[in-house]
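Notes follow the structure.
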Amino acid sequence: MESNWYAVYVRSRHEFKVHNALLAKGIESFLPVVERLRQWKDRKKLIPFPLFPGYLFVKLPDDKVYFLHVLKINGVVKILGDSSGYQPVDEDQIVSIYKMVNSKLAIDEHPYLKEGQKVKIVTGPLSGVQGILQGKGAEQYVVVSIDILQKGVAVKVNIHDIEPVI
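Under numbering that gives the first Met the number 0, the first residue of the sequence shown is numbered 0, with each subsequent residue one higher.
Structure representation (structure tokens):
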């Protein structure tokens with residue numbers, strides 16, 4: 000049976016709890032996490048935060064039983080979709096987000112983009128990542144957008160490290 004990735008909307012600050020509950024049930028789950036510096040009076044510390052607050056991803060076979068297992072987990076609000084049913088997330092988008100999060104480069108959530116030139120990074124630790132090219136002044140970014148969430152992630156790139164996707 001073919002499996003697809005789906006975006007799951009969870010209660011506020013329940014991303015880690017739901018992620019761990021999914022893994023405990025043997026369901027493949029992906030929670031993109033970035034570390035952000037938090038400062039208190041006496042110290043500074045890197046704290047893990049969900050890249051997309053309120054969302055995580057699950058890989059499920061196309062069988063309603065598996066969707067029910069996910070929906071029964073405490074903290075899960077819904078699996079994203081439309082009137083025709085649950086909408087899968089493109090696996091290339093998941094792979095690209097995974098590579099970006101694990102690259103340890105500075106990444107951050109970025110406004111959703113639909114238009115722009117699709118590019119692929121051809122050198123460095125993010126080789127193979129595809130996204131949309133966007134410029135901010137003299138700097139260039141590759142943005143990987145998750146269509147179903149209408150959110151994206153941006154990473155700064157050298158213009159010479161990318162090529163257009165045809």
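All C-beta atoms in this analysis are idealised placements derived from N, C-alpha and C, irrespective of residue type, glycine included.
These numbers were taken from a predicted model, which means no experiment stands behind them.
Return the chain-ordered list of same chain residues with a C-beta closer than 8 Å to the C-beta of LEU70, the five sequence neighbours on each side being excluded. For the purposes of this step, residue 70 is identified with residue 71 of the sequence shown, where counting begins at 1. So the qualifying residues of the chain are LYS77, ILE78.
Please report how far the alpha carbon of LYS24 lies from the alpha carbon of ILE158, in whole angstroms. The residue labelled residue 24 in the question sits at position 25 within the sequence shown. The residue labelled residue 158 in the question sits at position 159 within the sequence shown. Those two C-alpha atoms are separated by around 43 Å.
Report the CB separation of LYS98 from LEU55 in whole angstroms; it is logged as a contact under 8 Å. As a position in the sequence shown, residue 98 is number 99, starting the count at 1. As a position in the sequence shown, residue 55 is number 56, starting the count at 1. That belief does not hold up - the Cβ atoms of LYS98 and LEU55 are roughly 17 Å apart, past 8 Å.
What does a CB cutoff of less than 6 Å around ASP81 pick up in its chain, not counting 5 residues either side in sequence? The sequence position of residue 81 within the sequence shown is 82, counting from 1. Excluding sequence neighbours, ASP81 sits near nothing in its chain.
Classification of LYS119 by the beta-carbon crowding that lies within 10 angstroms, buried from 16 upward: Your numbering for residue 119 matches position 120 in the sequence shown. Answer is buried; the Cβ neighbour count reaches 16.
So the candidates are ILE145, ILE131, MET0, ILE165; which of them puts its Cα closest to the Cα of VAL64? As a working mapping, residue 64 is identified with position 65 in the sequence shown. Considering only alpha carbons, the answer is MET0.
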